[in-house]
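K.L.:
Letter by letter, the sequence shown follows residues 1 to 760 of full-length UniProt numbering.
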Amino acid sequence: MAVPDQTPYKEYVANGTTTIFPLEFDVLQQDHLIVLVNDAEPSVGSWSLDSINDTVIFNVAPLSGSIIKIRRDTPLQRTTDYATYNNSFRADPVNLDFDNIWRKLQEMGVLNWMIDNNIKDLNEYVDSLNDETKAIFLQMIKDQGTSLEQLDTYVDQLYKNLANVAIEKGWLAEFIADGDENQKIINDETTRNFDSIADLLQYNPRRNGQTVYVKSYYAGWANTYPYLGPCGGGTFVYNSDRINENDGVLVFNGWIRQFKNSKISVHDAGARGDYNETTSTGTDDGPAFQRALIASGMLTGQQGNRAWTVEADATKNYYISTPFMITNRTILNLNGASLFGNNRLNDCIRTGYWKNGVLTDLTSAPLETQHLFNVVIKNGRFRKFKNSLNVRGLTKGCKLISLDSNDCDGHISSIEHYFLSVINNAATNCTTGYAFSVYSGMLNFSCTSALSCTTGFVFSTGAQAISIRGISCESCVTGVSFTGASAETGGITIQGYFENVSGTVIDCKGIGQVGSTVTMVNSFVNCPTANLFDITGSNAQPCFNEDYNQLRAIGKIIFKSDTATLNLSKTNQKMVRFNGGSSAPNSVNGTNNDKNSYPANDPLYCLNTQEQIVSQVSTTNGKVQAIHRHFFNVVPANYYGYQGEPVTNVVPFCSHVGVDTSAGTPQFKIELTTSIKNHAYTTGLFNLVIFHNSGVRTDVGGRFYGSHVVLGYATTAGANNSAITVTASTVNNVLVLTIGNMAGGFASNAYSCTGFVKLT
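See the structure below:
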């Protein structure tokens, strides 16, 4: 049956003999009753409930005059979890739960009545006192931290909080005094601690200006990483004016994060850094990085344009499947952390600009949309991205420092980058290490390397007057490539370290402008199978002086396979040494080892064409003995080193080679190939100094008339040597002088020959 209208409270005065006290209200169980004797709970087991007769029975009658109070206190709990499939939604359990609610409401009415009577009794008592006594009593109340005005004020509030009082058996903090303060004041000033941001957002703020401390962004982090301190937590101060703001970094529904310096951690924005390299799984931290960078930009604008730094944790691996943007006057310090992409499907970092209050991707915007200043990205490791950095508009003050990529399509892809500095960067196992396009002038490189990439560096479209210094390419197919045939590309200087590049060190095929120079200086090159410059299909003008570079090994210096473009390159080479002495490839007994390669039917032009200078070096003392100029445009050449008809009448010999002619008696000859076009009217003289056989000196001089020689003198060790012969012949249209019957055994690299040949 339904719960009747009743008051679940009875009060009796004991007579010393009665042990049975009727309830006059219903109760379900003994533990739903509160029994007091003189406001004290009797000992356990001293009374019991007679549920049949609804009475409380004492084992021993209470003392005469004792006040017996009996009150019902029904617990707040449900008996059944209702469902439509298990026959639980029946009348009996439903009625029981509703009866319990009604019983609790009756009990709340009793509590209201009791508290109201207590306060009225206190007021009546104070009013009944004479003025002097009342003043003393009021002072006592004041000393306890409470006034009668406060009591009156809080009567209404007491009613509203009776439910909590009944359940928690607590009291309002204003009524608890502690020295000159009450408990509410103390509570308001005390810093609360929360495990997570989520816990903080469940808390009802006490007042404006309240300060709280949050251990970490997510629950449990402070325990997981105790040595790191809070991860994304910190100190927050409440401001009710910002209750509707929540950017996930600075403000959380009015709670404002407090900073001690100009730094924001990506964990302040909710980054987890939980990528597992073994399973290739983790939380996408791209949005968290973006929130942190946006917050940094906001703070930079609010605090006098002071640049803020966004930082990552060196111990974490971050999974980034959503690219994030960086913008003006922002510093991103990754502190050595590793960032992982989604198997080369996405970029990691892009540049952005503010458009109508929204951070907008700058990567695909039109040229000159926005230039960014003082952007710094440093100390990061990137893996498995399409482009680790796909950026645009980085100009003055922008720096990319100590960044490396492995197993990415590209490390840095950049457009419009006046004055950008790339410092201590490394690209490993990438398709393209570095790609720079449009207005690449004034780029600054320092200690920037590409290792095991298909192409180390690419410059396209508007790469004018670049000084590419401080770069290195190792084990790449192509070192540096220039593309964009119609673009303004030229005036380029390259200084770097190139080792084991297998295809082309400097690929100039994409340079279309006639005469665009590409000069290599102060470089180390050890690429035995590679072409140093490939100018196929290009009108570029590579310039290379072997004396100004360390050319340890190379396939060809200049390589060109087409016949449709000009030969504009200029090279200054050192001869390859063969067969003793300072032999050159055009010697009669030498080996053709031209360091440049052109097609046989390559067209020749009269002006601005390929010039090849070859330095002849003594194998004995290492000094340059002669320089041979080779102009392809003057006379078609069919072998290496041919200069055509000399410009002046003094022409150094082109090359020489020693030949052993011993026939029982040790002796050798020297075949000296000149660059003089020989005919019947050729007239000249020669003067040679030869050191052989451990320092023995032989001097030879005379004249030649076509293929006829008149020996003027021949001395060995200062004495005439009539055994020496000199003959002249024409080989491949040039004059060859042979100095024969040189006494002594021949050994490779055991002689030197210096002097000149002069036309008269």
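We put the CB at the ideal spot given by N, CA and C, even for glycine. Here the structure is a predicted model, which is why all the values come from computation and not from measurement.
Check whether the Cβ atoms of Ala717 and Val726 lie closer than 9 Å to each other.
P.N.:
Translated into positions along the sequence shown, residue 717 becomes position 717. Translated into positions along the sequence shown, residue 726 becomes position 726. No, they are not a contact pair.
K.L.:
Which residue wins for smallest C-alpha separation from Ala312, given the options Val13, Leu367, Lys396, Ala271?
P.N.:
Here the question's residue 312 lines up with position 312 in the sequence shown. Checking every option, the nearest Cα to that of Ala312 belongs to Ala271.
K.L.:
Run through DSSP, which three-state label would Leu394 get?
P.N.:
Residue numbering aside, residue 394 sits at position 394 when the sequence shown is read from its first letter. Leu394 falls in the strand class under three-state DSSP.
K.L.:
Measure the C-alpha to C-alpha separation of Leu201 and Thr74 and round it to an integer number of angstroms.
P.N.:
For the purposes of this step, residue 201 is taken as the residue at position 201 of the sequence shown. For the purposes of this step, residue 74 is taken as the residue at position 74 of the sequence shown. Approximately 33 Å between the Cα atoms of the pair.
K.L.:
Do you know offhand how far Asn328's Cα is from Asn522's?
P.N.:
Taking the sequence shown and counting its residues from 1, the one referred to as residue 328 is at position 328. Taking the sequence shown and counting its residues from 1, the one referred to as residue 522 is at position 522. Cα-Cα distance, rounded: 36 Å.
K.L.:
What number of angstroms, rounded off, separates the C-alpha of Val453 from the C-alpha of Ile412?
P.N.:
Counted from its first residue, the sequence shown places residue 453 at position 453. Counted from its first residue, the sequence shown places residue 412 at position 412. The question names Val, but residue 453 in the sequence shown is Cys. Computed Cα separation, rounded: 13 Å.
K.L.:
DSSP has Arg257 in a bridge; who is on the other side?
P.N.:
Here residue 257 corresponds to residue number 257 of the sequence shown, with the count starting at 1. Beta-bridge pairing links Arg257 to Phe236.
K.L.:
Looking only at its own chain, which residues have a Cβ that is under 7 Å from the Cβ of Asn687, when we skip the five neighbours before and after it?
P.N.:
One-based indexing of the sequence shown puts residue 687 at position 687. Excluding positions up to five away in sequence, the list reads Gly701, Gly755, Phe756.
K.L.:
From the DSSP output, which residues share a beta bridge with Tyr9?
P.N.:
Residue numbering aside, residue 9 sits at position 9 when the sequence shown is read from its first letter. For Tyr9, which the question treats as bridged, DSSP gives the partners Arg71.
K.L.:
Could you tell me the alpha carbon to alpha carbon distance between Ser449 and Asn335, rounded to whole angstroms?
P.N.:
The residue labelled residue 449 in the question sits at position 449 within the sequence shown. The residue labelled residue 335 in the question sits at position 335 within the sequence shown. Their Cα atoms are separated by approximately 20 Å.
K.L.:
Using the C-alpha atoms, what's the distance from Gly297 back to Ile264?
P.N.:
As a working note, residue 264 is residue 264 in the sequence shown. As a working note, residue 297 is residue 297 in the sequence shown. Straight-line Cα distance between these residues: approximately 11 Å.
K.L.:
Just to confirm before moving on: does the CB-CB distance between Phe668 and Phe544 stay below 9 Å?
P.N.:
Reading the sequence shown from its first residue, position 668 is the one you call residue 668. Reading the sequence shown from its first residue, position 544 is the one you call residue 544. No, they are not a contact pair.
K.L.:
Let me know if Gln30 comes out buried or exposed under the rule of 16 or more other beta-carbons within 10 Å of its beta-carbon.
P.N.:
Locating residue 30 in the sequence shown gives position 30, counting from the first residue. Exposed: under 16 other Cβ atoms inside 10 Å.
K.L.:
Is Tyr598 buried or exposed, if buried means 16 or more other CB atoms sit within 10 Å of its CB?
P.N.:
Counted from its first residue, the sequence shown places residue 598 at position 598. With 16 or more other Cβ atoms within 10 Å, it is buried.
K.L.:
I'd like the span of the beta strand (DSSP E) that includes Leu334, first residue to last.
P.N.:
Taking the sequence shown and counting its residues from 1, one reaches residue 334 at position 334. Unbroken beta strand (DSSP E) run through Leu334: 330 to 340.
K.L.:
I'd like to check one pair, Gln513 with Thr489: are the Cβ atoms closer than 9 Å?
P.N.:
For the purposes of this step, residue 489 is taken as the residue at position 489 of the sequence shown. For the purposes of this step, residue 513 is taken as the residue at position 513 of the sequence shown. Taking 9 Å as the Cβ cut-off, Thr489 and Gln513 qualify as a contacting pair.
K.L.:
Thinking C-alpha only, which one of Pro62, Asn53, Thr17, Tyr751 is nearest Val35?
P.N.:
On the sequence shown, position 35 is the one that residue 35 refers to. Looking at the Cα atoms, Pro62 is the closest of the given residues.
K.L.:
Can you tell which of Asn246, Thr730, Asp347 has the C-alpha that lies nearest to the C-alpha of Gly286?
P.N.:
The sequence position of residue 286 within the sequence shown is 286, counting from 1. When only C-alpha atoms are compared, the closest one is Asp347.
K.L.:
Measure the alpha-carbon distance for Ala219 versus Lys378 and round it to whole angstroms.
P.N.:
In the sequence shown, residue 219 corresponds to position 219, counting from 1. In the sequence shown, residue 378 corresponds to position 378, counting from 1. Approximately 30 Å, taken between the alpha carbons.
K.L.:
Does Ile676 pass the burial test, meaning 16 or more other C-beta atoms within 10 Å, or should it be called exposed?
P.N.:
Position 676 of the sequence shown, counted from the first residue, corresponds to residue 676. Ile676 should be labelled buried.
K.L.:
With 16 other CB atoms within 10 Å as the buried threshold, where does Glu168 fall?
P.N.:
Position 168 of the sequence shown holds residue 168. At Glu168 the pLDDT is 49, less than 50, meaning the model places this residue with poor confidence; the figure from the coordinates comes in the next sentence. The residue is exposed, with fewer than 16 neighbouring Cβ atoms inside 10 Å.
K.L.:
In terms of residue numbering, what span does the beta strand (DSSP E) encompassing Ala714 cover?
P.N.:
As a working note, residue 714 is residue 714 in the sequence shown. First-last of the beta strand (DSSP E) with Ala714: 708 to 716.
K.L.:
With a CB to CB cut of under 8 Å and the five nearest residues on each side skipped, what residues in its chain are close to Asn276?
P.N.:
As a working mapping, residue 276 is identified with position 276 in the sequence shown. These residues qualify, in order along the chain: Gly282, Asn317.
K.L.:
What number of angstroms, rounded off, separates the C-alpha of Gly555 from the C-alpha of Asp660?
P.N.:
For the purposes of this step, residue 555 is taken as the residue at position 555 of the sequence shown. For the purposes of this step, residue 660 is taken as the residue at position 660 of the sequence shown. The alpha-carbon atoms of Gly555 and Asp660 are separated by roughly 31 Å.
K.L.:
Opposite Met520 in the DSSP bridges: which residues?
P.N.:
For this step, residue 520 is matched to residue 520 along the sequence shown. Answer is Ile494, Phe544.
K.L.:
Using beta-carbon positions only, say whether Lys758 and Gly684 come within less than 9 Å of one another.
P.N.:
For the purposes of this step, residue 758 is taken as the residue at position 758 of the sequence shown. For the purposes of this step, residue 684 is taken as the residue at position 684 of the sequence shown. Yes, they are a contact pair.
K.L.:
So Ser262 packs on Thr309, CB below 8 Å; how close in whole Å?
P.N.:
The residue labelled residue 262 in the question sits at position 262 within the sequence shown. The residue labelled residue 309 in the question sits at position 309 within the sequence shown. Contact holds; Cβ gap of about 6 Å.
K.L.:
Between the alpha carbons of Tyr217 and Ala314, how many angstroms are there, rounded?
P.N.:
For this step, residue 217 is matched to residue 217 along the sequence shown. For this step, residue 314 is matched to residue 314 along the sequence shown. Whole-angstrom Cα-Cα distance: 18 Å.
K.L.:
Comparing C-alpha positions only, which one of Phe482, Arg350, Ala307, Cys447 sits nearest to Gly397?
P.N.:
Start at 1 with the first residue of the sequence shown, and residue 397 comes out as number 397. Closest option to Gly397, Cα to Cα, is Ala307.
K.L.:
Can you tell me which of the three DSSP states Phe385 falls into?
P.N.:
For the purposes of this step, residue 385 is identified with residue 385 of the sequence shown, where counting begins at 1. Here Phe385 sits in coil by DSSP.
K.L.:
So is Ser240 buried or exposed if we call it buried at 16+ other beta carbons inside 10 Å?
P.N.:
The sequence position of residue 240 within the sequence shown is 240, counting from 1. With fewer than 16 other Cβ atoms within 10 Å, it is exposed.
K.L.:
Would you kindly check if the distance between the Cβ of Leu359 and the Cβ of Leu332 is under 9 Å?
P.N.:
Residue 332 sits at position 332 when you count from the first residue of the sequence shown. Residue 359 sits at position 359 when you count from the first residue of the sequence shown. Contact: no.
K.L.:
Can you grab the Cα-Cα spacing for the pair Val525 / Ser414, in whole Å?
P.N.:
Taking the first residue of the sequence shown as position 1, residue 525 is located at position 525. Taking the first residue of the sequence shown as position 1, residue 414 is located at position 414. Near 27 Å, if we compare the C-alpha coordinates of Ser414 and Val525.
K.L.:
If you follow the alpha helix (DSSP H) that Leu200 is part of, which residue opens it and which one closes it?
P.N.:
Position 200 of the sequence shown holds residue 200. Unbroken alpha helix (DSSP H) run through Leu200: 197 to 201.
K.L.:
Can you grab the Cα-Cα spacing for the pair Thr730 / Lys595, in whole Å?
P.N.:
To locate residue 730, count along the sequence shown from 1; it is residue 730. To locate residue 595, count along the sequence shown from 1; it is residue 595. Spanning the two alpha carbons is a distance of roughly 25 Å.
K.L.:
Is Ser437 buried or exposed, if buried means 16 or more other CB atoms sit within 10 Å of its CB?
P.N.:
Translated into positions along the sequence shown, residue 437 becomes position 437. Buried, since its Cβ has 16 or more Cβ neighbours within 10 Å.
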